[in-house]
Every structure is written in structure tokens, then in C-alpha cells.
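Chains as they are written, first to last, in the working numbering: chain A, 1 to 138; chain F, 1001 to 1203.
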Amino acid sequence: MAYSDKVVDHYNHPRNVGTLDKSAAEVGTGLVGAPECGDVMRLQIRVNPETNVIEDAKFKTFGCGSAIASSSLATEWVKGKTIDEALAITNTDIVKELALPPVKIHCSVLAEDAIRAAIGDWKKKNNVAETASVAVAH
Amino acid sequence: MDYFSFFDLPRKLTLDVAALEKQFYVLSRKLHPDRFASKPVAEQEAALAQSSLLNDAYRTLKDPILRTQYLLTLEGVELEEQSKAATDAARASGEQKKQIVPPELLEEVFELNMQLQEMRAANQMGEDEPELRRDLMTAKDSFDAKMVETQAELEGLWSAWDSGVDAGDEEAKLRARDAMVVLLNKRSYLRNLVRDVNEALGR
Ligand code: FES
Chain A
1 MAYSDKVVDH YNHPRNVGTL DKSAAEVGTG LVGAPECGDV MRLQIRVNPE TNVIEDAKFK
61 TFGCGSAIAS SSLATEWVKG KTIDEALAIT NTDIVKELAL PPVKIHCSVL AEDAIRAAIG
121 DWKKKNNVAE TASVAVAH
Chain F
1001 MDYFSFFDLP RKLTLDVAAL EKQFYVLSRK LHPDRFASKP VAEQEAALAQ SSLLNDAYRT
1061 LKDPILRTQY LLTLEGVELE EQSKAATDAA RASGEQKKQI VPPELLEEVF ELNMQLQEMR
1121 AANQMGEDEP ELRRDLMTAK DSFDAKMVET QAELEGLWSA WDSGVDAGDE EAKLRARDAM
1181 VVLLNKRSYL RNLVRDVNEA LGR
């Protein structure tokens, strides 16, 4: 199967590979896995507590080329966005941008899961309610 | 026609592989192209189709994992679909998606992958990292043991499924089915790790 140019580019030059300090209050960490294939992905964000803007994002993915490209793209996309804006990113956006074939959709789902998990972790650490737009009683 | 009925088997998971093999050879001979050489083309083609079905069915049923996965698809489980649907639901509700495997396992898998990467880098530099190697060996032993455990657990679930079939107990079947899904999901991480550790340790 041929990878699209964009996937190859992200794969060969992954953006934002690395680690943020997991214990820092302004850092959210999402560690997720795709049971279909056994691949794992960690995505971390650093959020400005005043503005809720994601100022930095790092990832580390052990998986296929599409998963690496999806997470690399995800870190690029979330940087500079507010938490709420970042939550609007869907796996379909990633599939479109990277021109992923149907068998690789789960790789993009993994990246969306990672974004959500990282934000969820940050919210939990900072006592922000789970949902911003929809009010959900806990 | 599904693979179980092709071999005239009930849809059960505990299976006599030796008997299956015997039957496979009998049927292979029966469907052998030589026997159809002088027959009309339509018959030749039918035999060919049957024989490729036979091969697929045999390959799937003799392997314990493939057999289990196959049965799960027959029972309407689509692993990939489930995961995507769960993500869609999480987006809509704003709730966290529940990861199918326990977070500790994910942590363990991730950490081990980090070590593996170090090991590979060291290998590439032609350096030996005795301490790292020892850690990886220990990890490998623990994952090997987990694989064995998983296999035993799986066989337990086969029995649960099979007795559900015998008793016509749909609820017991559903319970066994769902437990098998969870188990196979866990297994895919373990399988990758065992593979990667072996590779990094160079054997
Ligand atoms: S094949 Fe598993 S994430 Fe791509």
C-alpha cells in the first residue's frame, strides 16, 4: 500500500517528537492504544493557565507510519489552539489531511483519542469540568 | 457458507485439530484438480472454488486465535467499528473514552517500547548494554508468562462459550463473547511486545 506524500513527510520528519514533564500542573498526558494492531501513542500538551491556549505539544508513537503521521499532525494542529478548539479536531479531519485509506482510519482515531485523553488529563489535574459546552452533571 | 458448517462442525471453539486435519486431507483429495481434468469446465471451476474455500476454512479453524476471531466476526463483533464508534460517542458527549485495556498495561507497553528503542539504538552503534539487556530479558519473561496465562484464560472462555451453545443459553454466550473480545485486545499488545523484544535481543 502506498502512503500519501503527506504521510511520508510526517513519517520522515516527525514534528514535535518528545516528552513534557508529566508531573507539571499545566501538562496534560494522553496515553492510548489501538487494540486492533497493538500500537500505542502518547501525546502531551502544555496549556497556558491564563488563556487555556495549548502552547506546546509533544508525542511519541510506537506504531505504523499512519499513526506516526497522525500524531505528528495532531501536535501541529493543537499548538496555538485553545482547549475547546482542540477538542473540535476529529479523526475525519486527519484522514482528509493525510489522505488515509480506509484500513488506516483506526490510526487517525488513535490520534483523536490521544488529543482527548491529554486534554482530559489536564482538566482533571486543574479541576476543570469535563465538558465546556454541554453541561454534564458529575 | 461459513467455515464451521463447511466442515460440518457446530459453532464451537474447542476443536479436535487432528480430526480437522484428517478431514482436510480427505476433502483435498476429493477436490483435487486431477480428478476433474476430464470433467466439464463448469464442474472444474466449482471444484476449484470449493478447494479454495477448503483451504481458507482449514487455515482459519486450525489456528486458535484465527478461529476465535472468526467466530467473533460471525457473532457480529467488529473490533475496529467498536473503537471508532466509542470515539464518536466520546466526542459527542464530552466524556472520556474508556480505553479497552487497563491503563497499567498501556503504561507497561509504552515503557517497554522506550527501552526497546534504546536497545535498538545501542545495537546500531555496535554497543552492548548489559543492564538494558537484562531488563529486557526480565520483561520478556514476564510477557511470555502473560501470553501463556492469556492462552489459558482464552481456553476457559472457549469452554464457557461451548457450554453456552450446548445449553442454548444466549446470555452465557454473550458473556463469553464479550470476555473474548477484551482478552484478544489485550493479547495484541502482548504479541507485539514479545515479537519486538525478541527482535531487539537478536533472536
Ligand atoms: S496500524 Fe495500528 S495505528 Fe496504524
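C-beta atoms are modelled at their ideal positions from N, C-alpha and C, and glycine is treated no differently.
(request) List the residues of chain A that E987/F touches, going by C-beta distances under 8 Å, in chain order. (result) Residue 987/F lies beyond the stretch modelled for chain F, which goes from 1001 to 1203, so this question has no answer here.
(message) Does the CB of F59/A have a neighbour CB from chain F at under 7 Å?
(response) no
(message) Which residues neighbour ligand 1 when neighbourhood means a C-beta less than 7 Å away from any of its non-hydrogen atoms? List them by chain order.
(response) A34/A, E36/A, C37/A, D39/A, G63/A, C64/A, S66/A, A67/A, K104/A, H106/A, C107/A, L110/A
(request) Using a threshold of 7 Å, state whether the C-beta atoms of R15/A and S71/A are closer than that. (result) no
(request) Taking R1191/F as the query, report the chain A residues whose CB atoms sit under 9 Å from its CB, ordered along the chain. (result) G38
(request) Can you have a look at N12/A and say buried or exposed, based on whether 16 or more other CB atoms are within 10 angstroms of its CB? (result) exposed
(message) Taking a contact to mean a Cβ-Cβ separation below 7 Å, would you say I1100/F touches N1185/F in this structure?
(response) yes
(request) Consult DSSP for M1001/F and reduce its assignment to one of helix, strand or coil. (result) coil
(request) Let me know the alpha helix (DSSP H) ranges lying completely inside the region 1109 to 1189 of chain F, each 4 residues or longer, listed in chain order. (result) 1130 to 1167
(message) Alpha carbons only, please: which of A24/A, T51/A, G38/A is nearest the one belonging to G80/A?
(response) T51/A
(message) Cβ closer than 7 Å: which chain F residues qualify as neighbours of V109/A?
(response) S1083, K1084, T1087
(message) Between the alpha carbons of A1092/F and I119/A, how many angstroms are there, rounded?
(response) 15 Å
(message) I believe T1150/F touches R1187/F by the beta-carbon criterion, under 8 Å. Please report the beta-carbon distance rounded to the nearest angstrom.
(response) 5 Å
(message) With H, G and I counted as helix, E and B as strand and the rest as coil, what does DSSP make of R1191/F?
(response) helix
(message) Rounded to the nearest angstrom, what separates A1090/F and A69/A at their Cα positions?
(response) 23 Å
(message) Rounded to whole angstroms, what is the Cα-Cα separation between A1019/F and L1112/F?
(response) 41 Å
(message) Just checking: is the beta-carbon of N1198/F within a distance shorter than 7 Å of some beta-carbon in chain A?
(response) no
(request) Please check if any C-beta of chain A sits within less than 7 Å of the C-beta of S1188/F. (result) yes
(message) Given this structure, state the Cα-to-Cα distance separating L1105/F from E1045/F, to the nearest angstrom.
(response) 50 Å
(message) Buried or exposed, going by whether 16 or more other CB atoms sit within 10 Å of the CB of K149/A?
(response) The structure shown does not extend to residue 149/A, since chain A spans only 1 to 138, so no value can be given for it.
(message) List, in chain order, every chain A residue whose beta-carbon is nearer than 9 Å to that of I1100/F.
(response) G33, P35
(request) Evaluate the contact criterion for the region 17 to 24 of chain A versus the region 94 to 106 of chain A: three or more CB pairs, one atom per stretch, below 8 Å. (result) no
(message) Please classify H138/A as buried or exposed, where buried requires at least 16 other C-beta atoms within 10 Å of its C-beta.
(response) Per-residue confidence for H138/A stands at a pLDDT of 47, beneath the threshold of 50, marking its modelled position as unreliable; no derived number is given.
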